[in-house]
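One structure below.
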Amino acid sequence: MAGLSLTCTCGDISWSLVETVPRSGIRYICHCNDCQAFAHFVGRAADILDPQGGVDAYQLPASRLRFTSGLDKLACVHLTPRRLLRWYCPGCGTPVANTYDTSKLSFVSLPLCAATAQQRDRSLGPSSGHVWTKFGRGDLSHVELVSIPAMLWRMAFRIMSARLSGDYKNNPFFEPGTGEPIAAPRRLTQAERSELDRKVLAGA
Ligand SMILES: [Zn+2]
Ligand SMILES: [Zn+2]
């Protein structure tokens, strides 16, 4: 099966996902506070978030990801004191990927904002369900849920296997020698984060 080739809105950054059947990743819709805050951070909440505050995403081993252009243009930000880094195009605000802040923890989750619904379904199959619905908007009591412990277990297993096999070294977001992020992460101030939370609560 062909992979999925994506380009950010301004055209500066292009990447593709090499995925075959059986697929190595899991597709899910995340309604968490941080994904919503990030959509506001990049100024794209209106087109990134679905009406229920969700983001369609795909979690997979980082080695399945290739950049065809603009890798040097990527920017990244920490939205919280935790280790998650959110990568995006500074030119147009298109979200590209979420990773940890070190290549040793080989985890990548791709918000699928740059793909059409048809491309997502064709290349990655249907979504497995929703996570963090308590942060979502509207009535989400009837949607299918993905178990968060099961997802975390799967992620931990992947991180461990990538570490043991050496596959963690094939990660485009980190310098091969040092394992440091290829762009210096920005950390939001408390005030900047509060402003994003205010926008998330306002739902606009
Ligand atoms: Zn761009
Ligand atoms: Zn999220």
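453 is the number that my numbering gives to position 145 of the sequence shown; each next residue is one higher, with no gaps.
Even glycine gets a Cβ: it sits at the ideal position worked out from N, Cα and C.
- Between the alpha carbons of Ala347 and Leu504 lies a gap of roughly 9 Å.
- Pairing Ser411 with Asn341 gives a Cβ-Cβ distance that is not under 8 Å.
- In the DSSP assignment, Cys338 falls within the unbroken beta strand (DSSP E) covering 334-338.
- In this structure, the alpha-carbon of Thr376 lies about 13 Å from that of Phe481.
- Sequence-distant Cβ neighbours of Cys397 in its own chain, meaning closer than 8 Å and more than five residues away, are Cys316, Thr317, Cys318, Asp320, Ile321, Gly378, Lys381, Leu382, Ala383, Val404.
- Straight through space, the alpha carbons of Leu472 and Leu420 are spaced by roughly 29 Å.
- Apart from sequence neighbours up to five positions away, the residues of its chain that approach Leu432 with a beta-carbon distance below 6 Å are Arg335, Tyr366, ordered along the chain.
- Counting of Cβ neighbours within 10 angstroms places Arg430 among the exposed residues, the total staying below 16.
- For Gln367, the three-state secondary structure derived from DSSP is strand.
- Collapsing the DSSP output to three states places His450 in coil.
- Counting only residues whose CB is nearer than 5 Å to a non-hydrogen atom of ligand 2, the list in chain order is Cys338, Cys340, Cys343.
- For the 8 Å CB-CB criterion, His438 and His339 form a contact.
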